[in-house]
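This note's numbering puts the first residue of the sequence shown at 25, with every later residue one more than the last.
Cβ atoms here follow ideal geometry from the backbone N, Cα and C, with glycine treated the same way.
Treat the numbers as computed from the prediction; the structure is a model and nothing was measured.
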Amino acid sequence: MKKYLLRILRWSTGLLLVVLIGLFGRGVYAFRDRTPGYKIDLKINPAKTYAEARPLRVGFGRIKINPDLSDPKRPVWVAGFSHHRAATAIHDDLWAIACVIDDGHTRVGMVVLDAIGFFHDDVVAVRRGCAAEWKLDYTIVCSTHNHSTPDLMGLWGPDVLHTGVDPNYRRQVIASATKSLGDAVAALQPARMALHEISTPSEGLVADTRKPTVFDPDIRVMHFTNPSSGATIGSIVGWANHPETPWGNNTEITSDFCGYVRETLEHGFTHEGKPMATGVGGIHLYVNGAVGGLMTTHPSVTVRDPYLQKDYKEPSHEKSRAVGHQLAARILPRFADTNATSTNVAAIGIRARTLEIPIDNNLFLAGAYLGLIDRGHVRWKTMRTEVAVVTIGDTSIACVPGEIYPEIINGGIERAPGGDFEIEPLEVPPVRELMPGRVKFVFGLANDELGYIIPKSEWDVKPPYIYGSKGHVYGEVNSCGPETARLVHSAMADLLRDTKAAQPTR
Ligand SMILES: [Zn+2]
Numbered sequence: 025m026k027k028y029l030l031r032i033l034r035w036s037t038g039l040l041l042v043v044l045i046g047l048f049g050r051g052v053y054a055f056r057d058r059t060p061g062y063k064i065d066l067k068i069n070p071a072k073t074y075a076e077a078r079p080l081r082v083g084f085g086r087i088k089i090n091p092d093l094s095d096p097k098r099p100v101w102v103a104g105f106s107h108h109r110a111a112t113a114i115h116d117d118l119w120a121i122a123c124v125i126d127d128g129h130t131r132v133g134m135v136v137l138d139a140i141g142f143f144h145d146d147v148v149a150v151r152r153g154c155a156a157e158w159k160l161d162y163t164i165v166c167s168t169h170n171h172s173t174p175d176l177m178g179l180w181g182p183d184v185l186h187t188g189v190d191p192n193y194r195r196q197v198i199a200s201a202t203k204s205l206g207d208a209v210a211a212l213q214p215a216r217m218a219l220h221e222i223s224t225p226s227e228g229l230v231a232d233t234r235k236p237t238v239f240d241p242d243i244r245v246m247h248f249t250n251p252s253s254g255a256t257i258g259s260i261v262g263w264a265n266h267p268e269t270p271w272g273n274n275t276e277i278t279s280d281f282c283g284y285v286r287e288t289l290e291h292g293f294t295h296e297g298k299p300m301a302t303g304v305g306g307i308h309l310y311v312n313g314a315v316g317g318l319m320t321t322h323p324s325v326t327v328r329d330p331y332l333q334k335d336y337k338e339p340s341h342e343k344s345r346a347v348g349h350q351l352a353a354r355i356l357p358r359f360a361d362t363n364a365t366s367t368n369v370a371a372i373g374i375r376a377r378t379l380e381i382p383i384d385n386n387l388f389l390a391g392a393y394l395g396l397i398d399r400g401h402v403r404w405k406t407m408r409t410e411v412a413v414v415t416i417g418d419t420s421i422a423c424v425p426g427e428i429y430p431e432i433i434n435g436g437i438e439r440a441p442g443g444d445f446e447i448e449p450l451e452v453p454p455v456r457e458l459m460p461g462r463v464k465f466v467f468g469l470a471n472d473e474l475g476y477i478i479p480k481s482e483w484d485v486k487p488p489y490i491y492g493s494k495g496h497v498y499g500e501v502n503s504c505g506p507e508t509a510r511l512v513h514s515a516m517a518d519l520l521r522d523t524k525a526a527q528p529t530r
């Protein structure tokens, strides 16, 4: 009897403790809907514009989003690796960079943040801040997933019980994202668009740290130029790699290789007074693609700086610069190619859809309960997110709300031996196979960050572990659950089939 009482006492103390911590955190209030009724089901067919083609216009804008490091009493917690990583300096600037494209009928805006991740609620806040007269039919908000930026997701505070998000900084980023879109609208000007797909072997750049080995290696670029002068207005660069080059001991804020590639495209690169690369001016966006499963310039990867002819293995800012230079050295010759085909007419089509995702990850639920992860839930254990497909002339963009495994995009999902479900791949056919157009972009961490989007047939939390691994494989701990990939893939496949059906036949 005494034993029972003791056990009950122990249980109730534990329960009381959880309740108390929850009350000091967000508690049950975390699971309310913060954007009640928000829903997008948007269909804009490009076909309508074919009746009367109008010239393309494009505008760019950018605003710095550096955190304030001046008050030692208010440390800025750096996201991405571990708790208690306080920022010590700003090595180079963080930015919100926007591009608005208008085909004379439809206007799409996109803004990319040097940030670890940006939740759907915050994306909605950015959209709600946009003025009606900007006439944006649809807006995409992406983060680069940079691991040397302030925490905006709450998981990397001073300790496991405290968020790393400074609400003031979060407001600053939302306001800057909105303003950069407004600036891009104000800068709209006639443009020609050229598309480039640059085959880029991952060797010496990116490692895949989880089987199966599948990359999303190539660089894709939309290049916008002035129709009469040919001068560069700006570009959108898509590639897939975790911006975490300086690794977990770095405490300096930096935009990583994303910043270096943008900087080099704009200004070129000069070393010891000697010009090594010539920039083209303009404003350039870097957008990350399928970075899951897990694409990274791991400390084991040696990167050669193509301009300095020097190898970098130890994580450092110079190594980030070498990665940025590797991209720029491939892109700049394409910009200079006067034979590249370009067009001043490119009809815009949009498909976007709100989606509900079940949360099977108890850590995510605990994080919400304790006030770490501050985002709305449409109901208990269910979050609202969004998928979208945008077509611009001969290019298409799949907007994925998280870190998708490249095999879902390019093919190569396996029935992983040792996986928890022992099923054939569900997330097929590969997304890129369903995408229309000549150059097919994937915008990852677009309009949300759900974490890893893992094929169900590769899902693994229980032993035996996949591919004979001795211990836990990394990924599932940062995923909403085993159904996420199937739901995102099937919604995306729906939108893509619908898009293809609506494409004008030529
Ligand atoms: Zn990641």
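Query	Result
So Ala301 and Leu356 are in contact, right, with Cβ under 8 Å, and what is the actual spacing, rounded?	6 Å
Cβ of His507 within 9 Å of Cβ of Asp484?	A small fix is needed here, since residue 507 is Glu in this sequence, not His. Cβ distance not < 9 Å, so Glu507 and Asp484 don't count as in contact.
Measure the C-alpha to C-alpha separation of Ser259 and Val135 and round it to an integer number of angstroms.	13 Å
Unbroken beta strand (DSSP E) runs of length 3 or more, entirely within the region 423-511: which are they?	463-467
Indicate, with yes or no, if ligand 3 has a heavy atom lying under 8 Å from the CB of Leu30.	This structure does not include ligand 3; its bound ligands are ligand 1.
What is the DSSP secondary structure of Cys166, reduced to helix, strand or coil?	strand
Kindly indicate which residue of Ala392, His295, Ile87 and Val124 has the alpha-carbon position closest to the one of His186.	Ala392
Measure the alpha-carbon distance for Glu221 versus Arg244 and round it to whole angstroms.	5 Å
Using a Cβ-based criterion (distance less than 8 Å to any ligand heavy atom), does Gly272 qualify as near ligand 1?	no
Does DSSP put Ser36 in a helix, a strand or coil?	helix
Using C-beta distances below 6 Å, list every residue in its chain close to Tyr476, excluding the 5 sequence neighbours before and after it, in chain order.	Gly316, Glu427, Gly499, Asn502 and Ser503
Could you check if Ser420 is buried or exposed, using at least 16 other CB atoms within 10 Å of its CB as the buried criterion?	buried
Would Leu205 and Val189 qualify as a contact pair, given that the criterion is a beta-carbon distance under 9 Å?	no
Run the proximity test for Asn502: is its beta-carbon closer than 8 Å to any non-hydrogen atom belonging to ligand 1?	yes
Is the closest heavy atom of ligand 1 to the C-beta of Leu212 under 8 Å?	no
How would you label Lys464, buried or exposed, when you count the other beta carbons within 10 angstroms and need 16 or more for buried?	buried
Can you tell me which of the three DSSP states Lys203 falls into?	helix
Based on the DSSP secondary-structure assignment, which residues constitute the bridge partners of Lys337?	None, per the DSSP bridge assignment.
Just confirm the distance between the C-beta atoms of Ala111 and Ile87, as a whole number of angstroms; I'd bet it's less than 8 Å.	No, Ala111 and Ile87 are not in contact; Cβ-Cβ is about 19 Å, not under 8 Å.
Is the beta carbon of Ile164 sitting closer than 9 Å to the one on Val197?	no
Grab me the residues of Ala211's own chain with a C-beta within less than 7 Å of its C-beta, minus the 5 sequence neighbours each way, in chain order.	Gly83, Phe84 and Gly85
Does the beta-carbon distance from Leu80 to Asp127 come in below 9 Å?	yes
Is it true that the region 94-102 meets the region 398-415, where meeting means three or more beta-carbon pairs spaced less than 8 Å apart?	no
Can you determine whether any heavy atom of ligand 1 sits closer than 8 Å to the C-beta of Tyr62, and answer yes or no?	no
Counting beta carbon pairs with one atom in the region 262-277 and one in the region 321-333, are three or more of them shorter than 8 Å?	yes
Taking the C-alpha atoms as reference points, what is the distance between Trp158 and Thr202?	11 Å
For the alpha helix (DSSP H) containing Ala392, name the first residue and the last one.	Asn386 to Tyr393
Helix, strand or coil for Cys282? Go by DSSP, reduced to three states.	helix
Check Pro214 in the structure and name its three-state DSSP category.	strand
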